[in-house]
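Chemist: The structure under discussion is supplied below as C-alpha cells; questions concerning it will follow.
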Amino acid sequence: MYFYDNRAVEFAKQIKPSARGELEITDLNRMYLEDGSLSVQILGRGFAWLDTGTHESLHEAASFVQTVQNIQNLHIACLEEIAWRNGWLSDEKLEELARPMAKNQYGQYLLRLLKK
Numbered sequence: 563m564y565f566y567d568n569r570a571v572e573f574a575k576q577i578k579p580s581a582r583g584e585l586e587i588t589d590l591n592r593m594y595l596e597d598g599s600l601s602v603q604i605l606g607r608g609f610a611w612l613d614t615g616t617h618e619s620l621h622e623a624a625s626f627v628q629t630v631q632n633i634q635n636l637h638i639a640c641l642e643e644i645a646w647r648n649g650w651l652s653d654e655k656l657e658e659l660a661r662p663m664a665k666n667q668y669g670q671y672l673l674r675l676l677k678k
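Here is the structure:
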C-alpha cells in the first residue's frame, strides 16, 4: 500500500511511460528514494501483497481473498471490524452500522462479531 504527500502529483508529471506504455508506480517510488524521503514499512507475517494490474492477477487476488475468508471464517480488510477491534467503534455503533445490512452476509458477519 502506498501513501504519498502532495508532491506525488508533480513527481508523476515527470514520469515517462515504460516500455509497456504505462506510468509505473515504481518510478514514482524511485523518485522519493532519490529525494531521500522514501519511508518503507516491512509487512510482517499475516500480510500479503496482491498485484491486481491485469485481469488475470485481479482474478487470482479475488480467489485468494475468497479462499482465506471461507477457510478462516473472517473478512479481509473489514473496515468496521478493524475500527471496532481498535476501540474506535463501540459495540453499539458497530451494531448500528450492521443492522441495515442484516439481510446480507457482510451485515451478518458484523453482527456475529458482537456475539463472540
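Under this note's numbering, residues 563 to 678 are what the sequence shown spells out, in order.
C-beta atoms are modelled at their ideal positions from N, C-alpha and C, and glycine is treated no differently.
The structure presented is a predicted model; accordingly, all values stated were derived computationally and were not measured.
1. Pair every Cβ in the region 563-573 with every Cβ in the region 588-607, then say whether three or more of these pairs are closer than 8 Å.
2. Looking only at its own chain, which residues have a Cβ that is under 6 Å from the Cβ of residue 651, when we skip the five neighbours before and after it?
3. Measure from the alpha carbon of residue 574 to the alpha carbon of each residue in 643, 586, 649, then state which is nearest.
4. According to the Cβ coordinates, are residue 636 and residue 656 closer than 9 Å?
5. Given residue 631, which residues of its chain have a CB within under 8 Å of its CB, disregarding the five upstream and five downstream residues?
6. Could you check which residue in 643, 649, 647, 648 has the C-alpha nearest to that of residue 660?
7. At the level of alpha carbons, what is the spacing between residue 634 and residue 668?
8. Distance, Cα to Cα, residue 620 vs residue 611?
9. Put residue 588 into one of helix, strand or coil per three-state DSSP.
10. Looking only at its own chain, which residues have a Cβ that is under 6 Å from the Cβ of residue 623, when we skip the five neighbours before and after it?
11. In angstroms, rounded to a whole number, what distance separates the CA positions of residue 662 and residue 670?
Modeler: Reading from the atomic positions:
1. yes
2. As a working note, residue 651 is residue 89 in the sequence shown. Once the five neighbours on either side are set aside, the close Cβ partners of residue 651 are 645.
3. On the sequence shown, position 12 is the one that residue 574 refers to. Out of 643, 586, 649, 586 has the C-alpha closest to the C-alpha of residue 574.
4. Within the sequence shown, residue 636 is the residue found at index 74, counting from 1. Within the sequence shown, residue 656 is the residue found at index 94, counting from 1. It is not a contact, given that the beta carbons lie outside the stated cut-off.
5. Here residue 631 corresponds to residue number 69 of the sequence shown, with the count starting at 1. The residues are 637, 638.
6. Position 98 of the sequence shown, counted from the start, is the residue given in the question as residue 660. Of the candidates 643, 649, 647, 648, the one whose C-alpha sits nearest the C-alpha of residue 660 is 643.
7. Numbered from its first residue, the sequence shown carries residue 634 at position 72. Numbered from its first residue, the sequence shown carries residue 668 at position 106. Near 15 Å, if we compare the C-alpha coordinates of residue 668 and residue 634.
8. Within the sequence shown, residue 620 is the residue found at index 58, counting from 1. Within the sequence shown, residue 611 is the residue found at index 49, counting from 1. Looking at the two C-alpha atoms, the distance is approximately 12 Å.
9. As a position in the sequence shown, residue 588 is number 26, starting the count at 1. Helix.
10. Within the sequence shown, residue 623 is the residue found at index 61, counting from 1. Taken in chain order, the residues that qualify are 612, 614.
11. Position 100 of the sequence shown, counted from the start, is the residue given in the question as residue 662. Position 108 of the sequence shown, counted from the start, is the residue given in the question as residue 670. Distance between the alpha carbons of residue 662 and residue 670: 10 Å.
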